[in-house]
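Notes follow the structure.
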Amino acid sequence: MDGRRRNPYELTEETPVYVISVAAQLSGLHPQTLRQYDRLGLVSPDRTAGRGRRYSARDIELLRTVQQLSQDEGINLAGIKRIIELENQVAALQSRVAELQDALEGAAAAMQQREAAVHASYRRDLVPYQEVQQTSALVVWRPKRQQSSD
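Quick look at the structure:
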């Protein structure tokens, strides 16, 4: 969700408001066809407490799509059901990809903040290492002698 509180009376595309006779009229189909599509699992409307079907605007659009695929494209109902299932799967996968992209962007931003904090904590008296050219010079190191304090 987007963090805002939803108005319980707000109508959306998913709000089930249409009884079967109105849904049939809006989709251009016979109510018995809608019942058959429901039995086959092509379009599954919400149910009231008394088991009556309630269709949403999205359901009406899906009914029109089923009709178009059946009549215009000649696809049988089993094929239409598979198409709908695949479209739903694609939508779910696209949603998941968007979630993962958001998570990745958040992780990248957090990593950049941590990296900036590490860079800010560097001691300023340190000098970056530079590659020294190879020479044949020999350097002898002798530790300082400690003076005894007797």
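Residue numbers (UniProt numbering): 1 to 150.
Ideal Cβ placement from N, Cα and C applies to all residues, glycine included.
Between the CA atoms of residue j and residue i - distance to the nearest angstrom
i, j, result
"Gln-146", "Gln-134", "33 Å"
"Ser-70", "Ile-83", "12 Å"
"Thr-33", "Gln-101", "41 Å"
"Glu-105", "Gln-94", "16 Å"
"Tyr-122", "Ala-116", "10 Å"
"Glu-131", "Gln-112", "27 Å"
"Gly-28", "Val-22", "10 Å"
"Gly-74", "Pro-31", "21 Å"
"Glu-14", "Asp-46", "10 Å"
"Val-66", "Val-90", "18 Å"
"Glu-85", "Ile-60", "17 Å"
"Ala-107", "Trp-141", "48 Å"
"Ala-24", "Gln-68", "15 Å"
"Gly-39", "Asn-7", "A small fix is needed here, since residue 39 is Arg in this sequence, not Gly. Cα to Cα, Arg-39 sits roughly 32 Å from Asn-7."
"Leu-77", "Arg-96", "28 Å"
"Gly-41", "Ala-98", "28 Å"
"Val-118", "Ala-103", "22 Å"
"Arg-124", "Ala-110", "24 Å"
"Gln-64", "Asn-88", "Here residue 64 turns out to be Arg, not Gln, going by the sequence shown. In a straight line, the C-alpha of Arg-64 is about 16 Å away from that of Asn-88."
Integer-rounded CB distance, given that residue j should sit under 8 Å from residue i
i, j, result
"residue 159", "Val-17", "An answer regarding residue 159 cannot be provided, because it is not within the stretch 1 to 150 covered by the chain."
"Val-43", "Leu-62", "5 Å"
Backbone secondary structure at residue i - three-state DSSP
i, result
"Asp-46", "strand"
"Tyr-55", "strand"
"Tyr-18", "strand"
"Val-139", "coil"
"Lys-81", "helix"
"Tyr-129", "coil"
"Arg-35", "helix"
"Gly-41", "coil"
"Ala-117", "helix"
"Ile-60", "helix"
"Met-1", "Legend: pLDDT at Met-1 = 46, less than 50; position of this residue unreliable, value from coordinates given subsequently. Met-1 falls in the coil class under three-state DSSP."
"residue 215", "The structure shown does not extend to residue 215, since the chain spans only 1 to 150, so no value can be given for it."
Residue from the options whose Cα sits closest to the Cα of residue i
i, options, result
"Lys-81", "Pro-31, Leu-29, Gln-113, Tyr-37", "Tyr-37"
"Leu-11", "Thr-48, Arg-58, Arg-35, Ala-108", "Arg-58"
"Ser-56", "Arg-142, Val-19, Tyr-129", "Val-19"
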